[in-house]
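Engineer:
Number of protein chains: 2
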Amino acid sequence: MSQDPLVVFTPSGKRGRFPSGTPVLTAARQLGVDLDSVCGGRGICSKCQITPSYGEFSKHGVTVHEDALSDWNKVEERYDQKRGLKPGRRLGCQAQIMGDVVVDVPPESQVHRQVVRKAASARVIAMDPATRLYFVEVDEPDMHEPTGDLERLERALRREWGIEAIRCDQTLLTRIQPVLRKGKFQVTVALHKSHTDTIARVVEIWPGLHESGLYGLAIDLGSTTVAAHLTDLDTGEVKASAGIMNPQIRFGEDLMSRVSYAMMNPGGEREMTAAVRDALNTLALEISAEAGIEPHLIVETVFVCNPVMHHLLLGIDPVELGQAPFALATSESISMDARDLDLTAINPRARTYILPCIAGHVGADAAAVALSEEPGKSEDLVLVVDVGTNAEILLGDTSRVLACSSPTGPAFEGAQISSGQRAAPGAIEAIRIDPETKEPRFRVIGSDKWSDEDGFAEETAATGITGICGSGIIEAVAELRMAGLMDDSGLIGSAAATGTPRCVAEGRTHAYLVHDASAEGGPRITVNQGDIRAIQLAKSALYAGARLLMDERGVDKVDRVVLAGAFGAHISPKHAMVLGMIPDVPLDKVTSAGNAAGTGARIALCNVGARIEIERVVRQITKVETAIEPRFQEHFVAANAIPHKTDPFPELKKIAPLPEVSFNTGSGGDGAEGGRRRRRRKV
Amino acid sequence: MSQDPLVVFTPSGKRGRFPSGTPVLTAARQLGVDLDSVCGGRGICSKCQITPSYGEFSKHGVTVHEDALSDWNKVEERYDQKRGLKPGRRLGCQAQIMGDVVVDVPPESQVHRQVVRKAASARVIAMDPATRLYFVEVDEPDMHEPTGDLERLERALRREWGIEAIRCDQTLLTRIQPVLRKGKFQVTVALHKSHTDTIARVVEIWPGLHESGLYGLAIDLGSTTVAAHLTDLDTGEVKASAGIMNPQIRFGEDLMSRVSYAMMNPGGEREMTAAVRDALNTLALEISAEAGIEPHLIVETVFVCNPVMHHLLLGIDPVELGQAPFALATSESISMDARDLDLTAINPRARTYILPCIAGHVGADAAAVALSEEPGKSEDLVLVVDVGTNAEILLGDTSRVLACSSPTGPAFEGAQISSGQRAAPGAIEAIRIDPETKEPRFRVIGSDKWSDEDGFAEETAATGITGICGSGIIEAVAELRMAGLMDDSGLIGSAAATGTPRCVAEGRTHAYLVHDASAEGGPRITVNQGDIRAIQLAKSALYAGARLLMDERGVDKVDRVVLAGAFGAHISPKHAMVLGMIPDVPLDKVTSAGNAAGTGARIALCNVGARIEIERVVRQITKVETAIEPRFQEHFVAANAIPHKTDPFPELKKIAPLPEVSFNTGSGGDGAEGGRRRRRRKV
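For the record, the sequence lines run as chains A and B. The first sequence begins at 426 in the numbering used here and counts up by one. The second sequence begins at 426 in the numbering used here and counts up by one.
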């Protein structure tokens, strides 16, 4: 008797011999080949599509004849007529192995298919979501062997999918009987298998084969904006992205004001919790509508956020985060029912995963950045900076990762700046000052043209020129310094000292006039001395945080810098270094990671193993608390200056000395009480 | 060097040698002696009280000197002043072993103390509740080692109590920080450890030592009444019992009418669910008020109920229970949050356990009876009958247990009886008819006197004589037969045939006049031919169910009968046998178990092991479905007669033949469709 046919799967290279007539799906399962199937091999879900190759394969030592697989059968024919099979494709559950064969599993048929998450970095997310679909045939009820419908469903899941234990929420118990009968006891079940629990939760049940997919929301819950990515849990594809303002802004622009609001107003934290939960429901509905997807099909959410938002999302009074020792109510990851967060717009059994917090001031958003940027896997020493109202700073390589948070305040986002505004159409986002003429040119959001280019007026006519956003103000300050209009200490020179009428007097100090449309009733956009001070405070805080981590690590330089945060993408590395926001590294060693926190959320949404990974990583991160480190204060003060090659007008220093830094970290010699009262730390 | 002192614990007899100075509690723990402690040996909870014995103990071979334990210390002194210690008592955590000693652990210091649950049977419940108190000292937060308060609480529970994993609901997350700070990081935690889960749930947290106890509700959710026992989860003591009417009665008196209501009215099941959940909240508040206990301290509930009530409690449409094959939505036990049943009156983190159902018509109430009466542990063959609107019938011994449910209808409860009423003051509950004079005498609820005794009129003046309740009507029918006023077929004779004016004409048949107050404007209480028929139907159904189990078991007699159900306590065994309700056994072999279902609920509430036990037992019970057994129909018809020694007026049979039985079980030759349409089964 001749040998059983040999089957070789690509790309895995797994191979084995199987008796003639074995379905390809069966062989794949026995070999542990990653071949998807929802219907369990019944020829109805089409997830197990494969492509047989014919010809000679020296690498695999196989010659494949045309009859190596059984003939195209009726199930495949029907499927092809109804839905269409790509040429050369077969259904793995129908095609039987009849002779030696090489079978390719295309990416879309792999359960753990990999999704390129960012063209630039070519990194991938391997799909391994917590919630998946399972099609089963349930035994019909039998009076002589009475068992519940749920118990027979459980039996089917055990028999067909090896799932040992399920838990069915009572909100679904009410639907099991009608759905089973509607589906003639064939149903699709969405099961959530947590990484911390051995019991699978039944999230949803549909009659017959459910073909409308399953979706998840990766949510970056920021102090100012809430951004969500609606993600297909099967393919990893982002179907829609949307953001809304965090309505908690009405209780305080920055986090510390929100903590104060909760302290001053009994029940204030409950108001803020209700506001953000409302907004999340609105966001879920909007994003589903945009993607044309039933909100009911959203079965998972993942949250990343800073500690204050984390607590306010959970309904926890953030008061402890406003005072030393900055104790989190809970630091580890949280797995819970989305409905317990009042997320009623999505599936009522949807689960929520909240990434772990790193420390009282270093939140789940920083953990998400660590998951996305993986400083702990970097061979060279990388500094990852997520710039927002707070900066989350990570420093590390394969040997060790350190993290801290630094209270940069809202200046980098254009807030508390005289002509500042959020990054929106009409905002000046880039600016250059000619070192000779001292004249500015700029670009506004909504147009790719610079202000001195043809067509700029036309392209900006609709939005107007309304103010300066975060990246614009950073560039403006750096350009002022490079154009010799400002000294080391940050003082803008007078028109006389600088020789340009753009330097205008404002009280005892000066401002630089960027754009003046006041004659036409438009805005008069300047960068004034207060703005420079705000940026100095912010950049000093950021730099001091990075330096503190470098001290802890015992280094005085880093190999590369990654700027993360929605805002990170827009900062010019050169200007950031001129300003002294980040330690000096070669310009080509500064990269932007985009919204790394949001990406981290997406990874945790698509891959349950990433949750285990980040929980492990967070435990190993060295936490550095900026608020209690005297050296932070030292670095902060030292970082205030904006040194450049030449000092254009040294005499000015004597006129207006740098005002005392009003930023106080709450530590130091003035005692805890005084420190606490006076502290303006933005947590 | 001499040997370490020997300590012998009574009543366990456990013994061991420990270094001088070892606290008694420590020794007890190391030996596995059942000695309670909530505070972990800090001398504040007083749970570990022990009594040292002095003198000579030949049994233990120990001579105990007065100095065998360390001196009374300050902690004990303070405790004694504040709360008082019984003479001879010591605190086990304070008293140190200094020499050989015999230490008695009094029952109230045992964790698994046993509670006598019924004086009559001397059976006990060993306390082993799912929810217990744990006192812990939590590490204070440390900025240099940032962890959440929850994680430090978890660490304390692991360190002090060996509890590996906890889950904290987000409704409690909001309270952890203030409670820890209020208790100066000493807190008492109520943890629920399920028998199906390895993770302990945090149910409640209190600052310092919580001394107001923990309570549970054992709830027997009947079709007509809902009865609850508020039970101390530490001592097992029932602090209060209360019952209310099931408000679902307005949707239908019996279960089948409620199923019909759900079928005929879209959303009808939701109305009924809301009604019963409302009532449960009312009941919880009433019973807590009665016991003087904060409803918040109720942290567990256990439910027993029939399958229709089970489904309606859970919000499941009971439609499938109204038609073959009578499929339950779920049959196994259910552990869930009480709040998911809208039980908002009690602790918001309270857990609920619902006993498993045995089959589509044999519910968690029958399982509770099995747990309480343990037919599977009986050496002789016992028939357990729980009589209510449905009868749950169990037959078994150590070799095998069988169960069925029989649709007796509401007649046994006084419903659908011409002069019938519920068992309430004023109802005739017992009746005797003199075989010579044919005159009745009776007793009404609210008085111990018979109607022919002195003082009866006075004692019943307040309530009046208002009707006949279930036990009264059973006795009346049996007495009519024994007095020769009724023939085998159940026909009441005429005044002429019986020679008593109490037999009065009513249309074509006759009635027996029990009490006539119509002259004074009061009721005229009779037992008429329709009443006899209703009782005949009910008793035939009950008997047929018992016989069916006996057939299945292959026996034609049983060794003993247990009558359970609130109503079981009031049925006279003699009358029940005259009527043919139960198979003949010697009168002394018929016992009453009281509310066995309620007792089963209490056992499951107090002992988590009992939950494992009943789940195992239920899986092994042989389920017999009466509705599809042709033999049930045969037994039912055969059981209709009420044979007695003599047949007083055989000629009557020809006049009024027994009307065709309108009760139809839905099986038999007329086809499933017809059977389903015509079925009047009371599930």
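Note that CB positions come from ideal geometry on N, CA and C, so glycine has one too. The model shown is predicted, which means the values in this text are computed figures rather than measured ones.
(1) So if I threshold CB-CB distances at 7 angstroms, which residues from the region 769-801 of chain B count as touching chain A?
(2) Would you say residue 970 (chain B) and residue 816 (chain B) are within 8 angstroms of each other, going by their C-beta atoms?
(3) I need the straight-line Cα distance from residue 671 (chain B) to residue 1029 (chain B), nearest angstrom please.
(4) Using DSSP with H/G/I as helix, E/B as strand and the rest coil, what is residue 497 (chain A)?
(5) If the cut-off is 9 angstroms on Cβ atoms, which residues from the region 566-577 of chain A count as contacting chain B, listed in chain order?
(6) Is there a Cβ from chain A that is less than 8 angstroms from the Cβ of residue 435 (chain B)?
(7) Are the C-beta atoms of residue 755 (chain A) and some chain B residue less than 8 angstroms apart?
(8) Does the region 808-823 of chain B come into contact with the region 880-893 of chain B, if we say contact requires no fewer than three beta-carbon pairs (one atom in each stretch) closer than 8 angstroms?
(9) Which residues mark the beginning and the end of the alpha helix (DSSP H) in which residue 953 (chain B) is found?
(10) Given residue 1080 (chain A), which residues of its chain have a CB within under 7 angstroms of its CB, disregarding the five upstream and five downstream residues?
(11) Using a Cβ-Cβ cut-off of 8 angstroms, state whether residue 646 (chain B) counts as contacting chain A.
(12) From the beta carbon of residue 740 (chain B), is the nearest beta carbon of chain A less than 8 angstroms away?
(13) Would the region 526-535 of chain A and the region 484-502 of chain A be scored as touching if the rule is three or more Cβ pairs under 8 angstroms?
(14) Over what stretch of residues does the alpha helix (DSSP H) that includes residue 455 (chain A) continue unbroken?
(15) Using the Cβ count rule (16 or more neighbours within 10 Å means buried), how would you classify residue 943 (chain B)?
(16) Which residue's Cα is closest to the Cα of residue 680 (chain A): A:717, A:742 and A:669?
(17) For residue 478 (chain B), which of helix, strand or coil comes out of DSSP?
(18) Taking C-beta pairs closer than 7 angstroms, name the residues in chain E that residue 1048 (chain B) reaches, listed in chain order.
(19) Hey, does residue 751 (chain A) have any beta-carbon neighbour from chain B nearer than 8 angstroms?
(20) Among B:452, B:981, B:717 and B:705, which one has its Cα closest to the Cα of residue 1009 (chain B)?
(21) Tell whether a beta-carbon distance below 8 angstroms holds between residue 781 (chain B) and residue 756 (chain B).
(22) Starting from residue 713 (chain B), trace the alpha helix (DSSP H) in both directions and tell me its first and last residue.
(23) Quick one: residues in its chain with C-beta nearer than 6 angstroms to the C-beta of residue 456 (chain A), no 5 flanking neighbours on either side, listed in chain order?
(24) Could you tell me whether the region 958-977 of chain B touches the region 801-812 of chain B, where touching means 3 or more Cβ pairs closer than 8 angstroms?
(25) Tell me whether the beta-carbon of residue 451 (chain A) lies closer than 8 angstroms to the beta-carbon of residue 531 (chain A).
(26) What do you reckon, are the CB atoms on residue 688 (chain B) and residue 747 (chain B) nearer than 8 angstroms?
(27) Using CA atoms only, rank isn't needed, just tell me which of B:900, B:907 and B:714 is closest to residue 862 (chain B).
(28) Using a C-beta to C-beta distance shorter than 8 angstroms, which residues of chain B count as neighbours of residue 476 (chain A)?
(29) Which of the three DSSP states, helix, strand or coil, is assigned to residue 578 (chain B)?
(30) As a quick exercise: from B:664, B:839 and B:693, pick the residue whose alpha carbon is nearest that of residue 956 (chain B).
(31) Is it the case that the Cβ atoms of residue 707 (chain A) and residue 674 (chain A) are separated by a distance below 8 angstroms?
(32) Would you kindly work out how many angstroms separate the C-alpha atoms of residue 503 (chain A) and residue 717 (chain A), rounded to a whole number?
(33) Can a CB atom of chain B be found closer than 8 angstroms to the CB of residue 827 (chain A)?
(34) I need the straight-line Cα distance from residue 427 (chain A) to residue 1024 (chain A), nearest angstrom please.
(35) Checking the sheet assignment: what are the DSSP bridge partners for residue 591 (chain B)?
(36) Quick check on residue 519 (chain B): does DSSP put it in helix, strand or coil?
Structural biologist: On the basis of the coordinates in this document:
(1) 784 and 785
(2) Here residue 970 (chain B) refers to the residue found at position 545 when the second sequence is read from its first residue. Here residue 816 (chain B) refers to the residue found at position 391 when the second sequence is read from its first residue. Cβ distance < 8 angstroms, so residue 970 (chain B) and residue 816 (chain B) count as in contact.
(3) For the purposes of this step, residue 671 (chain B) is identified with residue 246 of the second sequence, where counting begins at 1. For the purposes of this step, residue 1029 (chain B) is identified with residue 604 of the second sequence, where counting begins at 1. Going by the C-alpha atoms only, they are around 23 angstroms apart.
(4) Counting from one through the first sequence, the residue named residue 497 (chain A) turns up at place 72. The DSSP-derived three-state label of residue 497 (chain A) is coil.
(5) 566, 567, 568, 569, 570, 571, 572, 573, 574, 575, 576 and 577
(6) Stepping through the second sequence from its first residue, residue 435 (chain B) is reached at position 10. So, not an interface residue.
(7) One-based indexing of the first sequence puts residue 755 (chain A) at position 330. Using beta-carbon distances, residue 755 (chain A) counts as an interface residue toward chain B, with a partner under 8 angstroms.
(8) As far as the Cβ criterion goes, the region 808-823 of chain B does not touch the region 880-893 of chain B, which means the pair count is below three.
(9) Along the second sequence, one-based indexing puts residue 953 (chain B) at 528. Unbroken run through residue 953 (chain B) is the beta strand (DSSP E), 949-953; no alpha helix (DSSP H).
(10) Mapped onto the first sequence, residue 1080 (chain A) falls at position 655. Its pLDDT being 34, under 50, residue 1080 (chain A) is placed unreliably by the model, and the measurement read from it follows with that caveat. Non-local beta-carbon contacts of residue 1080 (chain A) in its own chain, meaning distances under 7 angstroms to residues more than five positions away in sequence, are absent.
(11) Looking up residue 646 (chain B) in the second sequence gives position 221. It does not: the Cβ of residue 646 (chain B) has no partner Cβ on chain A nearer than 8 angstroms.
(12) Here residue 740 (chain B) is taken as the residue at index 315 of the second sequence, counted from 1. Yes, residue 740 (chain B) lies at the interface with chain A (some Cβ there is under 8 angstroms from its Cβ).
(13) yes
(14) Mapped onto the first sequence, residue 455 (chain A) falls at position 30. Per DSSP, the unbroken alpha helix (DSSP H) holding residue 455 (chain A) starts and ends at 449-456.
(15) Within the second sequence, numbered from 1, the residue matching residue 943 (chain B) stands at position 518. Label assigned to residue 943 (chain B): exposed.
(16) In the first sequence, the residue the question calls residue 680 (chain A) occupies position 255. The residue with the shortest Cα to Cα distance from residue 680 (chain A) is A:742.
(17) The sequence position of residue 478 (chain B) within the second sequence is 53, counting from 1. Note: residue 478 (chain B) maps to strand in three-state DSSP.
(18) Going by chain labels, chain E is absent from the structure shown, which instead holds the protein chains A and B.
(19) As a working note, residue 751 (chain A) is residue 326 in the first sequence. Yes, residue 751 (chain A) lies at the interface with chain B (some Cβ there is under 8 angstroms from its Cβ).
(20) Counted from its first residue, the second sequence places residue 1009 (chain B) at position 584. The candidate whose alpha carbon is nearest that of residue 1009 (chain B) is B:981.
(21) Taking the first residue of the second sequence as 1, we reach residue 781 (chain B) at position 356. Taking the first residue of the second sequence as 1, we reach residue 756 (chain B) at position 331. Their beta carbons are under 8 angstroms apart, which means residue 781 (chain B) touches residue 756 (chain B) by this criterion.
(22) Your numbering for residue 713 (chain B) matches position 288 in the second sequence. Looking at the DSSP string, the run of the alpha helix (DSSP H) that includes residue 713 (chain B) is 693-716.
(23) The residue given as residue 456 (chain A) occupies position 31 in the first sequence. These residues qualify, in order along the chain: 439 and 441.
(24) yes
(25) Working through the first sequence from its first residue, we reach residue 451 (chain A) at position 26. Working through the first sequence from its first residue, we reach residue 531 (chain A) at position 106. No; because the gap between Cβ atoms is not below 8 angstroms, this pair is not in contact.
(26) Reading the second sequence from its first residue, position 263 is the one you call residue 688 (chain B). Reading the second sequence from its first residue, position 322 is the one you call residue 747 (chain B). In contact: residue 688 (chain B) and residue 747 (chain B) (Cβ atoms closer than 8 angstroms).
(27) Position 437 of the second sequence, counting from 1, holds the residue named residue 862 (chain B). It is B:907.
(28) Looking up residue 476 (chain A) in the first sequence gives position 51. Near residue 476 (chain A) there are no residues of chain B at all, since even the closest Cβ is about 43 angstroms away, more than 8 angstroms.
(29) Along the second sequence, one-based indexing puts residue 578 (chain B) at 153. DSSP places residue 578 (chain B) in helix when its eight states are reduced to three.
(30) Along the second sequence, read from residue 1 onward, the residue named residue 956 (chain B) stands at position 531. Here the closest residue by C-alpha is B:839.
(31) Against the first sequence, residue 707 (chain A) aligns to sequence position 282. Against the first sequence, residue 674 (chain A) aligns to sequence position 249. Going by C-beta atoms, residue 707 (chain A) is not nearer than 8 angstroms to residue 674 (chain A).
(32) Along the first sequence, one-based indexing puts residue 503 (chain A) at 78. Along the first sequence, one-based indexing puts residue 717 (chain A) at 292. Rounded to whole angstroms, residue 503 (chain A) to residue 717 (chain A) spans 28 angstroms at the Cα level.
(33) Locating residue 827 (chain A) in the first sequence gives position 402, counting from the first residue. Chain B, which has no Cβ nearer than 8 angstroms to the Cβ of residue 827 (chain A), makes this no.
(34) By one-based count along the first sequence, residue 427 (chain A) stands at place 2. By one-based count along the first sequence, residue 1024 (chain A) stands at place 599. Roughly 53 angstroms separates the two Cα atoms.
(35) Counting from one through the second sequence, the residue named residue 591 (chain B) turns up at place 166. The partner list for residue 591 (chain B) (beta bridge, DSSP) reads B:625.
(36) The residue given as residue 519 (chain B) occupies position 94 in the second sequence. Three-state DSSP puts residue 519 (chain B) in coil, outside helix and strand.
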